[in-house]
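Participant: One structure is given below, represented as structure tokens, and several questions about it will come after.
In my numbering, the protein residues as written are 294 to 990.
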């Protein structure tokens with residue numbers, strides 16, 4: 294049956310309509326794809342501009358951190374010293390102001406803690422304050438007084454007023470906001486500094502702990518896209534030390550670089566032909582070395598730390614009306630070589646940092662790997678131990694006379710039924726022996742010799758006598774023996790010939806300073822329970838290698854200070870001393886063992902650190918070495934032995950912690966103030982970005 298023309302026409306119309314609809318759909322889809330592609334390209338461009346803008350903000354933030362880092366360096370922080378300079382009271386007031394305090398907290402006064410203020414939330418000590426409060430009060434006096442506007446200028450930064458508004462913004466909750474950008478790629482970033490804690494670690498020493506929170510930056514080219522970048526600090530905390538620099542930081546410091554006053558007088562009268570202390574090829578110092586005089590070099594001595602001299606000629610150091618030493622003539626920057634050859638700093642060849650000198654006696658080529666300065670400031674040594682005596686009376690151990698025996702030992706005692714790690718301190722005064730112990734919380738305990746029971750003890754600040762009961766004394770860390778110590782010792786070795794068998798004298802938590810106006814005689818090993826360093830200094834292929842100090846978190850440290858006498862390291866060949874101080878071979882005084890280990894910082898500000906009996910016994914080197922871990926500060930350079938093998942040799946390892954702010958409590962400090970960051974890592978971002986984004990569609 295045939296289809297009609299009407300039916301065929303209808304079908305054709307339907308087909309055409311379907312095709313047209315499909316074409317419309319295809320065209321619509323194609324058009325939408327083109328529009329989406331355009332939108333995607335625009336969004337990507339916006340996103341990229343946002344990223345560039347955010348990264349520009351981070352770069353600007355790092356520049357701001359670089360500025361802060363430069364402002365907190367020792368050469369940017371200026372604290373006036375001397376008679377008209379900043380006093381201890383003034384500095385303490387400025388430090389207390391950082392904490393919002395006007396007086397020392399009770400727990401600091403009572404030696405329970407050294408923390409003046411700590412973190413009070415995520416904003417830190419200062420960050421909880423508004424910018425207005427910080428900018429108008431006295432909380433920031435420390436920064437505005439001791440970081441002058443010239444330090445900003447030197448860093449090519451313009452600052453208004455005394456810089457208070459800058460520091461107020463930096464320490465505020467929001468920090469310093471930085472904005473910029475162009476070509477529709479704007480950024481906004483923030484930089485903050487948090488003051489986490491403020492501590493008073495000694496009379497003239499304060500420690501500020503700082504941190505840099507994550508730096509954030511936002512890039513916003515338009516309303517459709519943003520990029521937020523956050524970058525953490527490279528180091529979690531930074532330490533800013535403020536104080537009159539502790540003498541404990543020196544590996545060696547001599548006021549007069551001679552063995553005695555007669556030797557100095559001889560060099561004053563005949564400078565070109567006299568007996569000088571000589572640093573030879575056997576000299577290996579890894580820490581700072583200073584003299585107020587001139588050095589004498591022979592061969593190739595090695596110095597890993599900075600070497601400095603004030604250049605005061607022999608016989609020219611005098612004492613002023615205030616009792617302080619000073620150089621009475623114009624200093625002579627330079628050094629002697631083989632005792633007879635003088636080289637002025639300006640005449641050193643090839644330069645004053647690496648002089649090589651040829652003499653008729655031989656060549657001298659000292660190596661200064663830490664740098665050298667031939668015209669450093671004169672550093673007067675203290676002449677009394679008044680501060681140490683005060684601290685001993687207010688919570689330390691005050692011995693009103695000569696201690697005929699003083700024993701230090703890391704040990705345990707039983708308190709009730711509990712065995713407690715303690716630092717034992719046993720001393721004999723006259724016919725009485727006192728047994729004390731202090732724990733990690735600074736509580737002091739006294740042993741009842743009748744019941745053999747330990748209990749908390751309190752010291753009479755006038756007489757120094759101890760009694761049991763009461764709340765007990767909190768230990769300041771200072772032991773003061775008014776007229777000297779004739780026998781300072783630690784626990785005996787189990788094998789007299791093996792230094793490793795000497796038990797620890799200083800407990801792992803103990804930090805102590807033993808001070809006196811008289812002589813202090815050391816007769817045994819004095820070892821840390823937790824030593825910070827190991828091994829010895831060495832030279833390999835002409836390169837100085839310091840002993841390994843990988844345990845810098847060790848807390849135990851000992852300082853031994855005589856303000857008016859000597860620190861005597863007693864040789865077993867010096868059984869007693871006669872009226873003239875000469876050694877005798879008969880007597881009952883104990884002497885140090887062979888290859889003795891002394892781990893402490895030793896200071897004799899008007900005397901010397903020497904071996905009693907350095908020239909006695911056989912010339913065979915049988916006594917070995919004095920293995921010192923720490924440093925020596927002395928008026929004259931004391932003898933340890935002779936080149937023929939009598940006495941002891943020297944094996945000195947510098948305790949690197951002392952150059953990073955770790956010092957014995959209330960150890961003597963210098964007259965000049967210093968301040969600055971000690972953390973070697975700069976204030977900077979670590980590059981680990983955390984990114985969030987908003988993109989248009």
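Glycine included, every Cβ here is placed at the ideal spot set by N, Cα and C.
Tell me whether the beta-carbon of residue 811 lies closer than 8 Å to the beta-carbon of residue 855.
Facilitator: yes
Participant: With residue 507 as the anchor, note down where its alpha helix (DSSP H) starts and where it stops.
Facilitator: Unbroken run through residue 507: none, as it is neither H nor E.
Participant: Using the rule of at least 16 other Cβ atoms within 10 Å of the residue's Cβ for burial, across every protein chain shown, is residue 372 buried or exposed?
Facilitator: buried
Participant: Go through its chain and collect everything with a Cβ distance to residue 428's Cβ below 6 Å, but skip five positions before and after it.
Facilitator: 457, 458, 461
Participant: Based on the DSSP secondary-structure assignment, which residues constitute the bridge partners of residue 890?
Facilitator: 920
Participant: Counting Cβ pairs, one atom from each stretch, are 3 or more of them under 8 Å apart for the segment 770 to 779 and the segment 673 to 690?
Facilitator: yes
Participant: Evaluate contact between the segment 647 to 658 and the segment 584 to 594, counting only Cβ atoms and requiring at least three cross-stretch pairs below 8 Å.
Facilitator: yes
Participant: Does the beta-carbon of residue 909 have 16 or more other beta-carbons within 10 angstroms, so that it is buried, or is it exposed?
Facilitator: With 16 or more Cβ atoms within 10 Å of its Cβ, residue 909 is classed as buried.
Participant: Within the same chain, show all residues whose beta-carbon is closer than 8 Å to that of residue 441, passing over the 5 residues directly before and after it, in chain order.
Facilitator: 371
Participant: Suppose you measure from the CA of residue 951 to the CA of residue 503; what does that come to, to the nearest Å?
Facilitator: 20 Å
Participant: Tell me the residue span of the alpha helix (DSSP H) that contains residue 417.
Facilitator: 417 to 420
Participant: Please state whether the Cβ-Cβ distance between residue 483 and residue 467 is less than 8 Å.
Facilitator: yes
Participant: Taking DSSP's pairing of strands, which residues face residue 1001 in a bridge?
Facilitator: Examination of residue 1001 is not possible in this model, given that the chain is present from 294 through 990 alone.
Participant: One question on the structure: do residue 818 and residue 886 come within less than 8 Å of each other, judged by their Cβ atoms?
Facilitator: yes
Participant: Is the beta carbon of residue 391 closer than 8 Å to that of residue 419?
Facilitator: yes
Participant: Answer with buried or exposed for residue 451, where buried requires no fewer than 16 other C-beta atoms within 10 angstroms of its C-beta.
Facilitator: exposed
Participant: Where residue 549 and residue 612 are concerned, what is the direct C-alpha to C-alpha distance, given to the nearest angstrom?
Facilitator: So the alpha carbons of these two residues sit roughly 13 Å apart.
Participant: Please report how far the alpha carbon of residue 779 lies from the alpha carbon of residue 407, in whole angstroms.
Facilitator: Taking the Cα positions, residue 779 is about 33 Å away from residue 407.
Participant: Just curious, the alpha helix (DSSP H) that residue 680 is in, first and last residue?
Facilitator: 679 to 686
Participant: Within the segment 626 to 696, note down every full alpha helix (DSSP H) run reaching 4 residues or more, in order along the chain.
Facilitator: 679 to 686
Participant: Within the segment 920 to 952, note down every full alpha helix (DSSP H) run reaching 4 residues or more, in order along the chain.
Facilitator: Taking only runs of at least 4 residues, no alpha helix (DSSP H) segment lies wholly in the segment 920 to 952.
Participant: Going by beta-carbon coordinates alone, are residue 799 and residue 821 separated by less than 8 Å?
Facilitator: Residue 821 sits close to residue 799, with the two beta carbons spaced by under 8 Å.
Participant: So residue 765 and residue 737 are supposed to be a Cβ contact under 8 Å. How far apart are they, rounded?
Facilitator: 6 Å
Participant: Using a Cβ-Cβ cutoff of less than 6 Å, which residues in the same chain neighbour residue 316 once the five nearest sequence positions on both sides are dropped?
Facilitator: Reliability fails at residue 316, whose pLDDT of 45 lies under 50, so the model's placement of it is uncertain and the value that follows must be treated cautiously. Contacts found: none.
Participant: Can you check which of these residues, 865, 430, 806, is closest to residue 896 by C-alpha distance?
Facilitator: 806
Participant: Buried or exposed for residue 849, going by 16 or more other Cβ atoms inside 10 Å?
Facilitator: Looking at its Cβ environment, which holds 16 or more other Cβ atoms inside 10 Å, residue 849 is buried.
Participant: Determine, using beta carbons only, whether residue 720 and residue 692 come nearer to each other than 8 Å.
Facilitator: yes
Participant: Starting from the Cα of residue 961, find the closest Cα among 673, 946, 508, 465 and give me that residue.
Facilitator: 673
Participant: So, is residue 958 buried or exposed, given that buried needs 16 or more other C-beta atoms within 10 angstroms?
Facilitator: buried
Participant: Could you tell me whether the segment 785 to 803 touches the segment 744 to 762, using the rule of 3 or more Cβ pairs below 8 Å?
Facilitator: no
Participant: Go ahead and label residue 894 buried or exposed: buried means 16 or more other beta carbons lie within 10 angstroms of its beta carbon, across all protein chains shown.
Facilitator: buried
Participant: When the distance is taken between beta carbons, is residue 469 closer than 8 Å to residue 366?
Facilitator: no
Participant: Within the continuous beta strand (DSSP E) that includes residue 384, where are the two ends?
Facilitator: Per DSSP, residue 384 belongs to no beta strand (DSSP E); it is in the alpha helix (DSSP H), 381 to 391.
Participant: I believe residue 601 touches residue 666 by the beta-carbon criterion, under 8 Å. Please report the beta-carbon distance rounded to the nearest angstrom.
Facilitator: 5 Å
Participant: Tell me which same chain residues have a C-beta within less than 6 Å of the C-beta of residue 883, skipping the five on either side of it?
Facilitator: 816
Participant: On the DSSP bridge assignment, give the partners of residue 752 in chain order.
Facilitator: 759
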